[in-house]
Amino acid sequence: MFEPRTDRIRELSEIYPERIKELETILSGRTNVYIDFANVHGWQDKLGWHIEIRRLKQLLDSFSSVEKVRFYNGTLLGDDKSELLIMDAQKYGYTVVTKPVKIMKLSVDVSGISFDSPDVLKQFIRAPLLQKMDVETIRYLNTRLRNLNKLGILYFEDRKCNFDVEIGRDMLLDFAKGEADHFILWSGDSDFADPIRQLLSDGKTVILFITARKVASELNELRGAGLRIFDIQKIRDFICWPREMKTIKSKKDSIS
Numbered sequence: 011m012f013e014p015r016t017d018r019i020r021e022l023s024e025i026y027p028e029r030i031k032e033l034e035t036i037l038s039g040r041t042n043v044y045i046d047f048a049n050v051h052g053w054q055d056k057l058g059w060h061i062e063i064r065r066l067k068q069l070l071d072s073f074s075s076v077e078k079v080r081f082y083n084g085t086l087l088g089d090d091k092s093e094l095l096i097m098d099a100q101k102y103g104y105t106v107v108t109k110p111v112k113i114m115k116l117s118v119d120v121s122g123i124s125f126d127s128p129d130v131l132k133q134f135i136r137a138p139l140l141q142k143m144d145v146e147t148i149r150y151l152n153t154r155l156r157n158l159n160k161l162g163i164l165y166f167e168d169r170k171c172n173f174d175v176e177i178g179r180d181m182l183l184d185f186a187k188g189e190a191d192h193f194i195l196w197s198g199d200s201d202f203a204d205p206i207r208q209l210l211s212d213g214k215t216v217i218l219f220i221t222a223r224k225v226a227s228e229l230n231e232l233r234g235a236g237l238r239i240f241d242i243q244k245i246r247d248f249i250c251w252p253r254e255m256k257t258i259k260s261k262k263d264s265i266s
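So for the sequence shown, the working numbering puts the first residue at 11; every next one is plus one.
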C-alpha cells in the first residue's frame, strides 16, 4: 500500500502516477532493500544527478510492504563528510552496515628496477593485458612513472571497502529467516550472481534497482531465470537533490 510520507512525494505521485503503480507492483509483497551505496555513489557522474539518501528513504517508507532497508557503506575514519554520511543514514532509519575503509599505498617507484621490467606495472595492469605488451611499451610506461618520481610522487593511495560478502550473506540470511519475499538490490556487481541465483531458484522475487549500462553480464544472464531490472532514472525526481528535479527545471523553463 502506498501512503506518501511527505507532501512532495504526494505531489510527485500525482505528476508520475505510472511510476507509483509500477513501484506498487514491484513492492507488492514483504520486501527488504539492500543498498550498496559505494556502488550507487559511483553512478552519479553517469546519471548527471545525485541521490539524496533522506529522500530515498522517505520514498521507500511510503510503501507499507517495505520492512527493512539496509545501507552498506565504508567509513573513512577521520573524514568528517564520510562519518556524517553514516550518521545521517542512521538518523533517517536505515539499517546501517559499515566498516573502516582500507587505504593501501601502491608504489610507483621505478628507481630499483630495470626499465624492461613489468614489476611495478603489474599492480595496475591485469596480467592478460600486460602479457600482450611489448618491451617498448613497458619501457615507455616505466619512463612515465620515472617522470612522476622526479616530481616526488612515489606511490598512490587506493581505497578499498567492499560489501559484496556482507550483502550476499544478509540476503540469504533474511531468506532463511523468512523475513522477505521480495529482495531489492541496489547494485549491478557480478559478485551477487550466486545469491541472486539461489533466491530465484527458491521462488523469491529479486529486482535490481540500477542505471542503464551498469549491470554485469553475469546478472544480465539471470533475467531468463526471473531477475527483474528497474531503471532508477524512472524515479529521479523522487530521490535526487531537490534542485536537480526535472519538474522544477521544467517550471523554470516555462517561466523563462
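For glycine and all other residues, C-beta sits at the position ideal for the given N, C-alpha and C.
Requested in this report: Spatial neighbours of Phe125 within its chain, please: CB distance less than 6 Å, with the 5 preceding and 5 following residues excluded, ordered by chain position.
Outcome: Translated into the one-based positions of the sequence shown, residue 125 becomes position 115. These residues qualify, in order along the chain: Arg149 and Asn152.
Requested in this report: Decide if the region 226-236 is in contact with the region 196-214; the criterion is three or more beta carbon pairs, one per stretch, under 8 Å apart.
Outcome: yes
Report task. Tell me, to the nearest whole angstrom, how far the beta carbon of Tyr82 is from that of Val120; I am working on the premise that it is less than 8 Å. Result -> Along the sequence shown, one-based indexing puts residue 82 at 72. Along the sequence shown, one-based indexing puts residue 120 at 110. 37 Å between Cβ atoms; not a contact.
Report task. Would you check if the region 239-249 and the region 215-223 touch, i.e. whether three or more CB-CB distances between them fall below 8 Å? Result -> yes
Requested in this report: Out of Leu140, Glu62 and Ser200, point me to the one whose CA is closest to Lys224's CA.
Outcome: Position 214 of the sequence shown, counted from the start, is the residue given in the question as residue 224. Here the closest residue by C-alpha is Ser200.
Query raised in the report: Can you tell me the Cα-Cα spacing of Gln68 and Ile45, whole angstroms?
Result: Translated into the one-based positions of the sequence shown, residue 68 becomes position 58. Translated into the one-based positions of the sequence shown, residue 45 becomes position 35. Gln68 and Ile45: Cα-Cα distance of roughly 14 Å.
Query raised in the report: Relative to the alpha-carbon of Val76, which residue among Thr85, Gly103 and Met114 has its alpha-carbon at the smallest distance?
Result: Position 66 of the sequence shown holds residue 76. Val76 has its Cα closest to that of Gly103, out of Thr85, Gly103 and Met114.
**Report entry** Thr41 in three-state terms, based on DSSP
**Finding:** Stepping through the sequence shown from its first residue, residue 41 is reached at position 31. Of the three classes helix, strand and coil, the one that applies to Thr41 here is strand, per DSSP.
Query raised in the report: Can you round the beta-carbon distance between Ile177 and Phe202 to whole angstroms, since I take them to be within the 8 Å contact cut?
Result: As a working mapping, residue 177 is identified with position 167 in the sequence shown. As a working mapping, residue 202 is identified with position 192 in the sequence shown. The pair is a contact, with the Cβ atoms about 7 Å apart (cut-off 8 Å).
Query raised in the report: For Ser200, does the three-state DSSP call read helix, strand or coil?
Result: What you label residue 200 is simply residue 190 of the sequence shown in a count that begins at 1. Of the three classes helix, strand and coil, the one that applies to Ser200 here is helix, per DSSP.
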